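Colleague:
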Amino acid sequence: MRIRNQRQSGFTLIELMIVVAIIAIVTAVALPKMMSARLSANENAAVANLRTIAAAQQSFQSSCAVDTDADGGGEFGFFGELAGSDQLRTWSSSGTVLTGGLLNPPFLATTFGNIATSVVERQGYMFKIYLPDSSTGAVAGVAEDASGGADSTDLPGSANCEIYWCAYAWPKQAGKTGNRCFFINQDQDIIQTDGKVTAARYEGTGLVPAYSAAYDTADMGDHLGLNIMGKSAVDTNVWTAVGN
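Its first residue numbered 1291, the sequence shown is counted upward by one per residue in the working numbering.
#1: Could you pull the start and end residues of the alpha helix (DSSP H) that F1369 belongs to?
#2: In three-state DSSP terms, what is M1307?
#3: Looking at the strands, I want to know which residues DSSP matches up with C1456.
#4: Considering only their Cβ atoms, is the gap separating G1370 from P1396 smaller than 7 Å?
#5: Examine the ligand ATP and report whether any of its heavy atoms sits within less than 6 Å of the Cβ of G1385.
#6: If contact is defined by three or more beta carbon pairs under 8 Å, each pair taking one atom from either stretch, is the region 1346–1358 in contact with the region 1326–1334?
#7: Only counting the same chain, and skipping five residues up and downstream in sequence, which positions put a Cβ closer than 6 Å to that of Y1501?
#8: Do G1367 and Q1377 count as a contact pair if the criterion is CB distance below 7 Å?
#9: Within this structure, are the beta carbons of L1388 and A1314 separated by less than 7 Å?
#10: In whole angstroms, what is the alpha-carbon distance linking E1305 and K1466?
#11: Exposed or buried, N1394, counting other C-beta atoms within 10 Å across all chains shown (16 or more means buried)?
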């Protein structure tokens, strides 16, 4: 009786090494493209969110939801106010108080009301709104309360809030969730910087743009520090219009 030699089916060591090498090559080529696509998507979403915030600010001001000096002029708001998650500022005989109730319906999605350390996180980006103080000269910015809404110990100025506001968007992780930092204010023009001039890029809650970062001077009423004829902004970064 003949005994047939049966060859077991399967991959040889060399074949497995070839497959692993091919996978490594494909991964090395595809991963940077995937990361680049993700960064681009996050940055585009950040710009879109800033436009949404600007539209909400216009509607909020027009509605006179906040009028802390009772002069009939609506004021701009913080995330907590726009999203209906924190008490609105209101007028009282003793000054501005935080007893104006919750905005209903809100002008921003309620997810914008998830505020921590004065910022909102969305799609790999951090967002922060600054409102002006009451200065009659150079107008400084006032940050939102750490948990949202106005800070009763550092209230924005009534008259200036009818004119100015600004917001920044920057990556949660620079180089991983985004590269560029974006800015918008009441003029609704969005500008950007890659942050390469400063020692470190804006990132997460560790390096947050100051209110004055994108301005020509530390004044919310001043021009933006756009890179025109070599000009730089307060933060020394090169800021340009989005699309340039």
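C-beta atoms are modelled at their ideal positions from N, C-alpha and C, and glycine is treated no differently.
Remember, predicted model here, so these are calculated numbers, not experimental data.
Modeller: To lay it out plainly:
#1: 1369–1372
#2: Assigned with DSSP and collapsed to three states, M1307 falls in helix.
#3: Y1420, N1475
#4: no
#5: The ligand ATP is absent from the structure shown, which contains no ligand whatsoever.
#6: no
#7: Y1420, G1431
#8: no
#9: If you check the CB distance, L1388 and A1314 do not come in under 7 Å.
#10: The straight-line gap from Cα to Cα measures roughly 35 Å.
#11: exposed
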